[in-house]
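Protein chains in written order, with the numbering used here: chain D, 1 to 209; chain Z, 1 to 209. For glycine and all other residues, C-beta sits at the position ideal for the given N, C-alpha and C.
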DNA sequence: ACCTGAACACCGTTCAAGT
DNA sequence: ACCTGAACACCGTTCAAGT
């Protein structure tokens, strides 16, 4: 088969398969040859639709970020909007943890990433925050959200239990994995709550630096 | 040359060269063959000293984390200790940003990582925080520190300036890169300040959940 | 226009062969 | 014990050849 009259591939099919592969087996498993096999095609065929592998991965990142709900910035107080957006973003990344490293470096040229940055920054500016502070708050939220999505804290203590016996306070660290949700979600919720509450306090004081 | 009477390689030399290579050109550039070349040796020779590439990268992570100052947990109020430790950790990661993805998934079996977890958690327990809350606070700090170290927020808007013209509030986003330090450091400092201040408030209220 | 096989310059890792 | 060359099964990407 050289060229079928009906194209075998489309950008959409490629991105869909890449997203599934990344979700199921991680970024490393998503090689051009492997992805092509998944699509019933040979590796080089993908280059008829995307110039590089990075473009494919970027397109996956785009569809993931597009799932974040940014409609909450309309009709909500900035505090509530920020909280709802952060929870939505957090939930989307929890569902697609393997793509997080790609998002953690910024919006790039991705429309959904830029639309999200615009919505967050615009809402803070409209609420009266200075441009410098609005930028800081936006950055800070990304730090918390991507930092928490990058790797489970609870699952980070997955060595053999005996290892932790050498550390007076860590001797039960291996039990964290069994309470993964309570640990990881609890930490994120605490962080979000602390940040928004204390930002709100400063705002009410009229600091608005 | 088959076997020199004086070994050409040592674990220390390998880790030192790997750290330099990762700092200078990133994790991807640190391949076994490239690293071996840097050491004047052939690729497979490295396997006489480390079982896998992951072990080498882990050893680099260890020496980086070992630079974080955890002595601050002695003789300081928990608030001040947490602040000083976070600043030290942040500064170390800022000096070695390319290794951050390796640390972001937890301490693993690395002595320095475990000693740091022990120091942070122990200090929070000794201050009176419950085990659940101390865990949350520890996780939260890692989220902020690794999240901020993973990628500059300011440099994330590095597309051509025209791209941002389509977004009402982002039209000056390309100027962020010129103020990278003020943006990135300001956001981190703000986050650290907000978190510790608001934790302190809850602590003084006697919540200590 | 779009898919293919062959090729290039890389990977991590294994292993028998050398001293 | 420690370094080597050759090999295996992979990478991302290019390109001439096919329809």
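Annotation: the region 67-155 of chain D contains the following complete segments of the alpha helix (DSSP H) (minimum length 4 residues), in chain order: 78-95, 100-103, 111-126 and 131-150. Close to residue 83 (chain D), with beta-carbon spacing below 7 Å, lies no residue of chain Z; the smallest spacing is near 15 Å. If the five residues before and after residue 72 (chain Z) are omitted, its C-beta is found closer than 6 Å to the C-beta atoms of 81, 84 and 85, all from its own chain and listed in chain order.
In this structure, Z:96 is the residue among Z:88, Z:96 and Z:117 with its C-alpha nearest to the C-alpha of residue 21 (chain Z). Under the three-state reduction of DSSP output, residue 43 (chain Z) falls in the helix class. Chain order gives the chain D residues near residue 198 (chain Z) as 194, 197 and 198, where near means a beta carbon separation below 7 Å. With contacts defined as CB atoms closer than 7 Å, residue 177 (chain D) and residue 192 (chain D) fail to qualify as a contacting pair. For residue 128 (chain Z), the nearest beta carbon of chain D is not closer than 7 Å to its own beta carbon. For residue 169 (chain D), the nearest CB of chain Z lies under 7 Å from its own CB, placing it at the interface with that chain. Between residue 67 (chain D) and residue 76 (chain Z), the alpha-carbon positions lie close to 45 Å from each other. DSSP places residue 164 (chain D) in the uninterrupted alpha helix (DSSP H) bounded by 161-164. Annotation for residue 21 (chain Z): the continuous alpha helix (DSSP H) segment containing it runs 11-25. Nearest neighbour of residue 101 (chain D) by Cα position, chosen from D:111, D:113 and D:149, turns out to be D:149.
For residue 195 (chain D), the uninterrupted alpha helix (DSSP H) segment begins and ends at 180-204.
Residue 127 (chain D) and residue 17 (chain D) have their C-alpha atoms some 41 Å from each other. With contacts defined as CB atoms closer than 7 Å, residue 184 (chain D) and residue 157 (chain D) fail to qualify as a contacting pair. Judged by DSSP in its simplified three-state form, residue 28 (chain Z) adopts coil rather than helix or strand. Between residue 70 (chain D) and chain Z, the shortest Cβ-Cβ separation is not below 7 Å. The Cβ atoms of residue 32 (chain D) and residue 43 (chain D) sit closer than 7 Å to each other. For residue 58 (chain Z), the closest of Z:163, Z:2, Z:78 and Z:109 by C-alpha to C-alpha distance is Z:109.
Closest in C-alpha terms to residue 7 (chain Z), from the list Z:45, Z:162 and Z:25, comes Z:45. Considering only beta carbons, the part of the region 99-129 of chain Z lying closer than 8 Å to chain D consists of 101, 104, 105, 106, 107, 108, 109, 114, 115, 117, 118, 121, 122 and 125, in chain order.
Against chain D, the CB of residue 92 (chain Z) has no partner CB under 7 Å away; the residue lies outside that interface. Between residue 119 (chain D) and residue 70 (chain D), the gap from beta carbon to beta carbon is short of 7 Å. Residue 117 (chain D) sits close to residue 107 (chain D), with the two beta carbons spaced by under 7 Å. The C-beta of residue 96 (chain Z) comes no closer than 7 Å to any C-beta of chain D. Going by DSSP, residue 7 (chain Z) is part of no alpha helix (DSSP H) at all; its letter is neither H nor E. The alpha-carbon of residue 121 (chain Z) is positioned some 38 Å away from that of residue 63 (chain D). The C-beta of residue 172 (chain Z) has fewer than 16 other C-beta atoms within 10 Å across all chains shown, which makes the residue exposed. Looking at the backbone, the Cα of residue 134 (chain Z) and that of residue 125 (chain Z) are separated by about 6 Å. Interface residue (Cβ-Cβ distance to chain Z less than 7 Å): residue 59 (chain D) is not classified as such. DSSP, reduced to helix, strand and coil, places residue 58 (chain D) within a helical segment of the structure shown.
For residue 26 (chain D), the closest Cβ of chain Z is not nearer than 7 Å. Buried is the label assigned to residue 198 (chain Z), since at least 16 other Cβ atoms lie within 10 Å of its Cβ.
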